[in-house]
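This report refers to the structure that appears directly beneath it.
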Amino acid sequence: MNKNKIIGSLVIVSVVIGIIIITIPFDSPGSELTTNVTSPTNNTISSLTGTIHIGGLFPLTGSLSNLGEDSRAGANLAVIDFNEYLETLNSTWKLDMITEDSGTSPTITLEKISSLKAKNTNIVLGPASSAEVSYVKGYVDSNNMLMISYGSSATALSIPNDNLYRLAPDTTEQGKAIANIIYSEGITTLIPIWRGDIWGDGLHDSIFSEFTRIGGTVDEGIRYFPDTKEFPIETSFLEQRVQHHVGSIDADKIGVLIIGFQEYVQIIYSATDYDILDDVRWFGSPGITETSQMVTDPTLKEFSEKTQFTAVQFGSSYSSEYDEVKNRIELEIGRPPGIYAFSSYDSVWIFGLTILETQSDDVSIVKGKIQEIAENYNGVIGSTKLNNAGDLATANYDIVGVKNDQWYLAGTYDATSGIVSKSDP
Numbered sequence: 064m065n066k067n068k069i070i071g072s073l074v075i076v077s078v079v080i081g082i083i084i085i086t087i088p089f090d091s092p093g094s095e096l097t098t099n100v101t102s103p104t105n106n107t108i109s110s111l112t113g114t115i116h117i118g119g120l121f122p123l124t125g126s127l128s129n130l131g132e133d134s135r136a137g138a139n140l141a142v143i144d145f146n147e148y149l150e151t152l153n154s155t156w157k158l159d160m161i162t163e164d165s166g167t168s169p170t171i172t173l174e175k176i177s178s179l180k181a182k183n184t185n186i187v188l189g190p191a192s193s194a195e196v197s198y199v200k201g202y203v204d205s206n207n208m209l210m211i212s213y214g215s216s217a218t219a220l221s222i223p224n225d226n227l228y229r230l231a232p233d234t235t236e237q238g239k240a241i242a243n244i245i246y247s248e249g250i251t252t253l254i255p256i257w258r259g260d261i262w263g264d265g266l267h268d269s270i271f272s273e274f275t276r277i278g279g280t281v282d283e284g285i286r287y288f289p290d291t292k293e294f295p296i297e298t299s300f301l302e303q304r305v306q307h308h309v310g311s312i313d314a315d316k317i318g319v320l321i322i323g324f325q326e327y328v329q330i331i332y333s334a335t336d337y338d339i340l341d342d343v344r345w346f347g348s349p350g351i352t353e354t355s356q357m358v359t360d361p362t363l364k365e366f367s368e369k370t371q372f373t374a375v376q377f378g379s380s381y382s383s384e385y386d387e388v389k390n391r392i393e394l395e396i397g398r399p400p401g402i403y404a405f406s407s408y409d410s411v412w413i414f415g416l417t418i419l420e421t422q423s424d425d426v427s428i429v430k431g432k433i434q435e436i437a438e439n440y441n442g443v444i445g446s447t448k449l450n451n452a453g454d455l456a457t458a459n460y461d462i463v464g465v466k467n468d469q470w471y472l473a474g475t476y477d478a479t480s481g482i483v484s485k486s487d488p
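Heads up, the sequence shown is in the working numbering, so the first residue is 64 and it goes up one at a time.
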């Protein structure tokens with residue numbers, strides 16, 4: 064929504080037995096929502112005044128820094144757009160976000176969460192990773208705080224009635240999509256190399272289950288510690304595993320899958336020391352998709368094109384509103400943003416609309432309404448309906464590849480039908 068876009072609004076106040084009913088149809092990027100706000104009769108429409116603060120935790124440094132800038136840019140844009148919407152309602156309050164760098168570190172994230180609590184900021188966007196979320200979740204639940212994570216997806220965190228919501232599908236759903244996409248490429252033997260944390264282990268297990276169910280074989284693979292910086296041992300073992308399978312099946316039926324974050328850079332650098340490792344297909348999990356280094360670094364670019372490197376992420380709606388938001392974020396950060404910029408954008412709108420609907424930033428009150436708002440708000444990522452654990456209920460998936468010095472949409476996966484559709488570069 065650009066600054067010149069007119070947002071239609073209509074406020075109808077009807078007093079019935081001391082109750083005010085306010086109906087607000089509005090137009091925002093990807094959304095058409097009619098809300099019915101019920102509040103005690105008084106002389107003002109809004110009981111909120113001044114600035115309502117939410118927290119924003121973004122991995123601006125660390126192994127997820129490739130998506131931290133995108134996510135922050137999407138959230139900042141949403142704050143601007145939501146405040147413009149409030150102005151059309153002659154609102155007496157505005158939204159503000161206190162931004163913190165989580166460092167992709169669970170311990171730093173807990174420090175930042177505690178700092179936000181000390182400032183009486185109890186509603187938080189983020190953090191990005193499941194490891195961070197898992198580490199701070201107990202603190203958040205016990206201190207009456209509320210989180211929407213725009214990137215966490217570990218199935219182990221799918222817990223009903225807690226104070227965590229996630230605008231990403233859990234790893235069970237992601238694993239099914241990734242397994243079917245890879246199998247559709249003619250890969251029958253998959254060798255995973257994965258990050259050994261709550262997210263990586265969960266996604267690995269989900270992919271293993273689905274890939275074997277549909278007829279493929281999953282190698283024992285290589286599990287690495289999240290703080291690993293160099294990968295000579297891991298890639299040496301990977302070379303041995305590929306060599307083992309090449310002896311019995313064609314190389315074009317073997318795929319290597321990286322389940323990780325920014326460390327994929329060092330994994331690929333180490334892999335270039337072995338000739339056989341670029342004879343097979345390579346795939347990447349969410350968190351690797353659309354990173355600029357993959358198309359600007361000569362070593363990564365050459366390797367990715369030779370191995371037909373393909374990554375998978377949950378998809379967006381690709382609507383006109385999506386294009387508008389994408390273009391504005393790209394103008395700010397100087398490159399196309401990844402999917403988490405859009406889930407951050409929609410998360411801020413869901414927070415804002417829930418506060419507007421309830422006329423409160425009290426966590427207990429917001430929590431009682433947030434799923435209803437999410438179900439009725441259609442965002443730039445498409446449907447934002449949440450399941451009973453508070454995670455994104457449904458999502459389709461984008462298949463992206465690298466060619467001609469850029470990422471391109473190579474296809475899509477329909478989660479409902481299980482159909483993989485290919486696209487030309």
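Ideal Cβ placement from N, Cα and C applies to all residues, glycine included.
These numbers come from a predicted model, not from an experiment.
Requested in this report: Use the C-beta contact count for residue 311: other C-beta atoms within 10 angstroms, 16 or more gives buried, fewer gives exposed.
Outcome: exposed
**Report entry** residue 440 to residue 282 span [Cα, whole Å]
**Finding:** 42 Å
Requested in this report: Starting from the Cα of residue 168, find the closest Cα among 190, 313, 373 and 368 and give me that residue.
Outcome: 190
Query raised in the report: Rounded to the nearest angstrom, how far is the Cβ of residue 336 from that of residue 298, given a contact under 8 Å?
Result: 7 Å
Query raised in the report: Under 8 Å between C-beta atoms, does residue 288 make it to chain D?
Result: Given the protein chain composition of this structure (a single chain), no chain D is represented.
Query raised in the report: What span of residues does the beta strand (DSSP E) with residue 162 cover, start to end?
Result: 156-164
Query - Pick from 451, 422 and 471 that is closest to residue 115, judged by C-alpha positions - result: 422
**Report entry** Inside the stretch 395-436 only - alpha helix (DSSP H) runs reaching at least 4 residues
**Finding:** 402-421 and 426-430
**Report entry** Proximal residues to residue 259 (C-beta, below 7 Å), its chain only, five neighbours per side dropped
**Finding:** 286, 287, 288 and 289
Query raised in the report: Is the stretch 253-268 touching the stretch 394-403, taking contact as three or more C-beta pairs under 8 Å?
Result: no
Report task. Using the Cα positions of residue 156 and residue 110, report the straight-line distance between them to the nearest angstrom. Result -> 9 Å
Query raised in the report: Relative to the alpha-carbon of residue 226, which residue among 415, 201, 240 and 323 has its alpha-carbon at the smallest distance?
Result: 201
**Report entry** Residues that DSSP places opposite residue 280 in a beta bridge
**Finding:** 252
**Report entry** Nonlocal neighbours in the same chain, by C-beta distance under 7 Å from residue 132, ignoring five residues either side
**Finding:** 123 and 396
Query - Per-residue burial, residue 153 [other beta carbons within 10 Å of its own, 16 or more giving buried] - result: exposed
Requested in this report: Could you name the residues of the same chain whose beta carbon sits closer than 8 Å to that of residue 300, not counting the 5 residues immediately before and after it, in chain order?
Outcome: 285
Requested in this report: Tell me whether residue 265 sits in a helix, a strand or coil according to DSSP, three-state version.
Outcome: helix
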